[in-house]
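So the structure is just underneath, and the comments pick up after that.
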Amino acid sequence: MGSIGSTLSDRQAVWAFVLGCVAVTLGVVAHLPMFAMARAMHYRLAGMPMDDLMVGGMALIVVGTVIAGYGLLPRNVAAQRAAAAEIVVAAPEDAPLGAAHWGLMAVLVVALVIDVMKPASLGFTVPGMIAEYGVPKKTVSLVPFFALAGTVAGSVLWGWIADVYGRKASILLSAVMFVGTSICGAMPSLAWNIAMCFMMGAAAGGMLPVTYALLAEMMPSRHRGWSLVLVGGMGAVGGYFAASGMSAVLQPVFGWRILWLANLPTGLTLVLLGALIPESAKFLLARGRVAEAEVVMRRFGATAQAARPPRVAAPRAPALRGLHLYGKLAALSICALSWGLVNFGLLLWLPADLVARGYSVGVSSRLLAESALIAFPTVFVAALLYSRWSTKWALATMIALTLAGLLLVLRLEMAGGGSPVLPVALLIVGTNGIIAIVLPYAAESFPMRVRGRATGWVAACTKAGGLIAQGLTIGGVALSMGSAAVLVMVPTALAFVLVGWFGRETRGRDLRDLD
Numbered sequence: 001m002g003s004i005g006s007t008l009s010d011r012q013a014v015w016a017f018v019l020g021c022v023a024v025t026l027g028v029v030a031h032l033p034m035f036a037m038a039r040a041m042h043y044r045l046a047g048m049p050m051d052d053l054m055v056g057g058m059a060l061i062v063v064g065t066v067i068a069g070y071g072l073l074p075r076n077v078a079a080q081r082a083a084a085a086e087i088v089v090a091a092p093e094d095a096p097l098g099a100a101h102w103g104l105m106a107v108l109v110v111a112l113v114i115d116v117m118k119p120a121s122l123g124f125t126v127p128g129m130i131a132e133y134g135v136p137k138k139t140v141s142l143v144p145f146f147a148l149a150g151t152v153a154g155s156v157l158w159g160w161i162a163d164v165y166g167r168k169a170s171i172l173l174s175a176v177m178f179v180g181t182s183i184c185g186a187m188p189s190l191a192w193n194i195a196m197c198f199m200m201g202a203a204a205g206g207m208l209p210v211t212y213a214l215l216a217e218m219m220p221s222r223h224r225g226w227s228l229v230l231v232g233g234m235g236a237v238g239g240y241f242a243a244s245g246m247s248a249v250l251q252p253v254f255g256w257r258i259l260w261l262a263n264l265p266t267g268l269t270l271v272l273l274g275a276l277i278p279e280s281a282k283f284l285l286a287r288g289r290v291a292e293a294e295v296v297m298r299r300f301g302a303t304a305q306a307a308r309p310p311r312v313a314a315p316r317a318p319a320l321r322g323l324h325l326y327g328k329l330a331a332l333s334i335c336a337l338s339w340g341l342v343n344f345g346l347l348l349w350l351p352a353d354l355v356a357r358g359y360s361v362g363v364s365s366r367l368l369a370e371s372a373l374i375a376f377p378t379v380f381v382a383a384l385l386y387s388r389w390s391t392k393w394a395l396a397t398m399i400a401l402t403l404a405g406l407l408l409v410l411r412l413e414m415a416g417g418g419s420p421v422l423p424v425a426l427l428i429v430g431t432n433g434i435i436a437i438v439l440p441y442a443a444e445s446f447p448m449r450v451r452g453r454a455t456g457w458v459a460a461c462t463k464a465g466g467l468i469a470q471g472l473t474i475g476g477v478a479l480s481m482g483s484a485a486v487l488v489m490v491p492t493a494l495a496f497v498l499v500g501w502f503g504r505e506t507r508g509r510d511l512r513d514l515d
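Residue numbers (full-length UniProt numbering): 1 to 515.
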């Protein structure tokens with residue numbers, strides 16, 4: 001807690017953050033009595049009126065989040081942002097990895113697991129929602145659709161918050177929002193579930209960019225690429241495994257709502273993990289907290305210097321422009337779009353499809369958890385391929401694995417039976433490899449003048465794929481898993497060809513060559 005106290009020093013009010021956390025937690029606890037009273041009905045709350053305690057709890061959550069946000073806000077924000085623009089913090093190219101680096105990676109993996117399991121739980125709640133609310137699949141599709149819309153909004157919002165509040169404080173604030181959104185598990189109407197899922201998506205949307213930003217400032221340059229891939233991949237696979245595992249163990253006993261109520265303990269865990277996450281040295285220097293910044297930089301082997309205009313270097317390779325520039329952007333955009341179609345389309349509806357085939361919720365969740373467990377070791381392989389073999393062909397390999405998974409899903413559909421473990425394992429391996437690689441690769445693939453816009457566009461395409469998949473379902477377009485697999489194969493195969501044609505190797509290359 002001493003580290004949290006250090007982070008909260010020079011903020012508006014430490015007591016406000018603590019008070020906000022307590023208020024949000026009490027607001028969530030106020031919803032638990034209604035959930036407990038529905039035990040005899042297997043925790044079905046549809047149509048039940050919201051009592052005064054629940055309404056008061058919702059008010060506490062809103063007020064508590066605002067108070068916590070105020071408490072974390074730094075003083076003299078304008079002066080801080082002006083100072084931050086004049087500071088560059090970077091780790092030496094050849095600095096060795098120490099205990100601080102490994103510890104930071106471990107903590108951020110846990111944070112990403114908690115973050116990813118929120119949207120990953122959507123698919124495991126869909127069968128229960130359809131059964132309890134008595135609505136068709138296209139109506140329930142509004143829940144993941146608005147959750148994805150929330151992640152889009154969150155991606156924009158948290159980028160600004162991370163610059164104003166600092167990396168560590170923004171993670172703490174998102175954790176407070178996670179705790180508040182756990183009341184989705186006690187909402188008696190589908191409309192309230194949709195609203196809460198939007199908030200959950202908004203809280204989750206910025207965690208990955210903030211994590212990448214923090215790692216980029218702390219990790220030695222030589223180890224930056226593989227560490228980003230490893231942390232992102234392990235967080236993604238671990239989040240899916242946590243969601244499927246919790247569904248297999250808890251949902252048969254407590255119903256689908258328990259997967260949302262689990263946001264309470266996991267969100268509070270994320271708040272406590274804040275004690276192990278260092279604040280950005282750049283943020284500390286901008287606040288004039290030089291002694292604390294020096295301690296952080298010594299631990300991570302970083303250095304600080306005044307920002308200078310980028311120097312012009314003689315290109316050692318043809319500059320990236322014209323057809324090659326737009327071809328690469330198209331390749332990565334279609335790759336990101338395909339990932340969204342698989343992750344927020346096929347994988348999201350797979351639990352409901354298995355239940356429709358006659359599997360119980362517990363059995364289908366267990367099968368998907370086994371698939372995620374099989375996929376877990378391959379994250380290390382993806383990081384190794386990216387850092388030691390080829391950045392371009394590591395991404396192409398992950399796309400190829402996704403294509404193989406889609407082919408096996410099609411074969412499973414045509415055969416009319418069989419175990420989904422291997423097809424789903426390949427899909428999880430491929431898609432999590434893609435999402436772990438595509439954003440770091442995009443950041444290393446474009447000239448400085450368009451790098452931020454290009455990477456942001458590719459990140460937006462990952463969400464756009466999910467919005468398209470859910471939009472089709474909402475529009476009443478009913479596709480079998482086999483038909484959906486065939487349709488997704490088209491952009492995935494196109495992405496594989498375009499990455500092979502327009503992709504450039506970035507391992508060991510000077511990014512100034514792109515200019």
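Glycine is no exception: its CB is placed at the ideal position from the N, C-alpha and C atoms.
*Decide yes or no for the touch test of the stretch 253-265 against the stretch 116-130: beta carbon pairs closer than 8 Å, at least 3 of them.*
Short answer: they touch.
_Rounded straight-line distance, which links the Cα of L261 to that of F380_ = For the purposes of this step, residue 380 is identified with residue 380 of the sequence shown, where counting begins at 1. For the purposes of this step, residue 261 is identified with residue 261 of the sequence shown, where counting begins at 1. Approximately 32 Å between the Cα atoms of the pair.
*Keeping to the same chain, check which residues put their C-beta closer than 6 Å to that of R366; ignore five residues upstream and five downstream.*
For this step, residue 366 is matched to residue 366 along the sequence shown. Excluding residues within five positions, the ones whose Cβ falls inside 6 Å are A248.
*With DSSP collapsed to three states, give me the class of P74.*
The sequence position of residue 74 within the sequence shown is 74, counting from 1. Strand, per DSSP.
*asked:* Here's the rule: buried if 16 or more other CB atoms are within 10 angstroms of the residue's CB, otherwise exposed. What is S121?
replied: Translated into positions along the sequence shown, residue 121 becomes position 121. Of the other Cβ atoms in all chains shown, 16 or more fall within 10 Å of the Cβ of S121; this residue is therefore buried.
*Would you mind reading off the limits of the alpha helix (DSSP H) that contains D51?*
As a working mapping, residue 51 is identified with position 51 in the sequence shown. D51 -> no alpha helix (DSSP H), and no H or E assigned at all.
*What are the boundary residues of the alpha helix (DSSP H) that includes H101?*
As a working mapping, residue 101 is identified with position 101 in the sequence shown. In the DSSP assignment, H101 falls within the unbroken alpha helix (DSSP H) covering 99-120.
*Nonlocal neighbours in the same chain, by C-beta distance under 8 Å from residue 537, ignoring five residues either side*: In the structure as shown, the chain begins at 1 and stops at 515. Residue 537 is therefore absent and cannot be evaluated.
_Just to confirm the assignment, what range does the alpha helix (DSSP H) spanning G274 have?_
The residue labelled residue 274 in the question sits at position 274 within the sequence shown. From DSSP, G274 is part of no alpha helix (DSSP H); its letter is neither H nor E.
*Per-residue DSSP class, three states only, for H135*: Residue 135 sits at position 135 when you count from the first residue of the sequence shown. Contrary to the premise, residue 135 reads as Val rather than His in this sequence. Coil.
*asked:* Extract the residue ranges of the alpha helix (DSSP H) inside the stretch 239-264, only unbroken runs of 4 or more that lie entirely within it.
replied: Within the stretch 239-264, the complete alpha helix (DSSP H) segments of 4 residues or longer fall at 258-261, listed in chain order.
*Would you check if the stretch 370-380 and the stretch 230-241 touch, i.e. whether three or more CB-CB distances between them fall below 8 Å?*
Judged by pairs of C-beta atoms under 8 Å, the stretch 230-241 touches the stretch 370-380, as three or more such pairs exist.
*Following the continuous alpha helix (DSSP H) through A356, name the residue where it begins and the one where it ends.*
If you number the sequence shown from 1, residue 356 lands on position 356. Start and end: 347-356.
*Examine the Cβ distances between the stretch 462-473 and the stretch 343-357 and report whether three or more of them are shorter than 8 Å.*
They touch, by the three-pair rule.
*First through last residue of the alpha helix (DSSP H) which encompasses A30*: Numbered from 1 along the sequence shown, position 30 holds the residue referred to as residue 30. Per DSSP, A30 belongs to no alpha helix (DSSP H) and is neither H nor E.
*Can we say the stretch 43-55 touches the stretch 105-115, given the rule of at least three CB pairs closer than 8 Å?*
The stretch 43-55, when compared against the stretch 105-115, does not touch it at the 8 Å Cβ threshold.
*Do the stretch 35-42 and the stretch 139-159 meet, that is, are 3 or more Cβ pairs less than 8 Å apart?*
Touching, no.
*Could you give the DSSP three-state label for M219: helix, strand or coil?*
Looking up residue 219 in the sequence shown gives position 219. M219 sits in coil when the DSSP states are folded into three classes, being neither helix nor strand.
*asked:* I need the boundaries of the alpha helix (DSSP H) containing F502, first residue and last residue.
replied: Taking the sequence shown and counting its residues from 1, the one referred to as residue 502 is at position 502. It spans 481-502 - the alpha helix (DSSP H) in which F502 sits, taken as one unbroken run.
*Going by the C-beta, is F198 closer than 7 Å to any heavy atom of the ligand GDP?*
In the structure shown, the ligand GDP is absent, as is every other ligand, since no ligand is present at all.
*Quick one: any contact between the stretch 54-69 and the stretch 14-30, if contact means 3 or more CB pairs under 8 Å?*
Contact holds between the stretch 54-69 and the stretch 14-30, because three or more Cβ pairs, one in each stretch, are under 8 Å apart.
*Tell me whether R298 is buried or exposed, calling it buried when 16 or more other Cβ atoms sit within 10 Å of its Cβ.*
Taking the first residue of the sequence shown as 1, we reach residue 298 at position 298. Looking at its Cβ environment, which holds fewer than 16 other Cβ atoms inside 10 Å, R298 is exposed.
*Excluding the five sequence neighbours on either side, which residues of its own chain have a C-beta within less than 6 Å of the C-beta of I374, listed in chain order?*
For the purposes of this step, residue 374 is identified with residue 374 of the sequence shown, where counting begins at 1. Only A425 meet the Cβ criterion.
*Where the alpha helix (DSSP H) through V429 begins and ends*: Here the question's residue 429 lines up with position 429 in the sequence shown. 421-443 is the extent of the alpha helix (DSSP H) around V429.
*asked:* Check this for me: beta carbons of I183 and V143, under 8 Å apart or not?
replied: What you label residue 183 is simply residue 183 of the sequence shown in a count that begins at 1. What you label residue 143 is simply residue 143 of the sequence shown in a count that begins at 1. The answer is no: Cβ separation not under 8 Å.
*asked:* In whole angstroms, give me the CA-to-CA distance for G405 and A16.
replied: As a working mapping, residue 405 is identified with position 405 in the sequence shown. As a working mapping, residue 16 is identified with position 16 in the sequence shown. As the crow flies, the alpha-carbon of G405 is around 49 Å from that of A16.
*Just how far apart, CA to CA, sit A30 and T181?*
Here residue 30 refers to the residue found at position 30 when the sequence shown is read from its first residue. Here residue 181 refers to the residue found at position 181 when the sequence shown is read from its first residue. Each residue's CA atom was taken as its position, placing A30 and T181 some 13 Å apart.
*Any idea what DSSP makes of A38, helix, strand or coil?*
Translated into the one-based positions of the sequence shown, residue 38 becomes position 38. Three-state DSSP puts A38 in coil, outside helix and strand.
_Spatial distance of E444 from T506 (CA atoms)_ = As a position in the sequence shown, residue 444 is number 444, starting the count at 1. As a position in the sequence shown, residue 506 is number 506, starting the count at 1. One C-alpha to the other measures close to 6 Å.
_Under the three-state DSSP convention, the category L466 falls into_ = Taking the first residue of the sequence shown as 1, we reach residue 466 at position 466. Looking at the sequence itself, residue 466 is Gly, so the reference to Leu does not match. In the structure shown, G466 adopts helical secondary structure according to DSSP, grouped into three states.
*Note down the Cα distance separating A400 from E413, rounded to an integer number of angstroms.*
Within the sequence shown, residue 400 is the residue found at index 400, counting from 1. Within the sequence shown, residue 413 is the residue found at index 413, counting from 1. Roughly 20 Å between the two C-alpha positions.
_Contact belief for M196 with M187 at Cβ below 8 Å, rounded distance in angstroms_ = Stepping through the sequence shown from its first residue, residue 196 is reached at position 196. Stepping through the sequence shown from its first residue, residue 187 is reached at position 187. At roughly 6 Å, the Cβ-Cβ gap stays under 8 Å, so M196 and M187 are in contact.
*Outcome for L332 when other beta-carbon atoms lying within 10 angstroms are tallied against a minimum of 16*: Taking the first residue of the sequence shown as position 1, residue 332 is located at position 332. L332 should be labelled buried.
*Taking L264 and A111 to be in contact with their CB atoms under 8 Å, please state how far apart those CB atoms are, rounded to whole angstroms.*
Residue numbering aside, residue 264 sits at position 264 when the sequence shown is read from its first letter. Residue numbering aside, residue 111 sits at position 111 when the sequence shown is read from its first letter. L264 to A111, Cβ: 16 Å. No contact.
*Distance between I434 and T455 (C-alpha atoms, nearest Å)*: As a first step, residue 455 must be located in the sequence shown, where it is residue number 455. As a first step, residue 434 must be located in the sequence shown, where it is residue number 434. Approximately 14 Å, taken between the alpha carbons.
*asked:* If I measure Cβ to Cβ from V116 and keep anything under 6 Å in the same chain, skipping five residues before and after, which residues do I get?
replied: Numbered from 1 along the sequence shown, position 116 holds the residue referred to as residue 116. Closer than 6 Å at Cβ, skipping near neighbours: G235, A236, G239.
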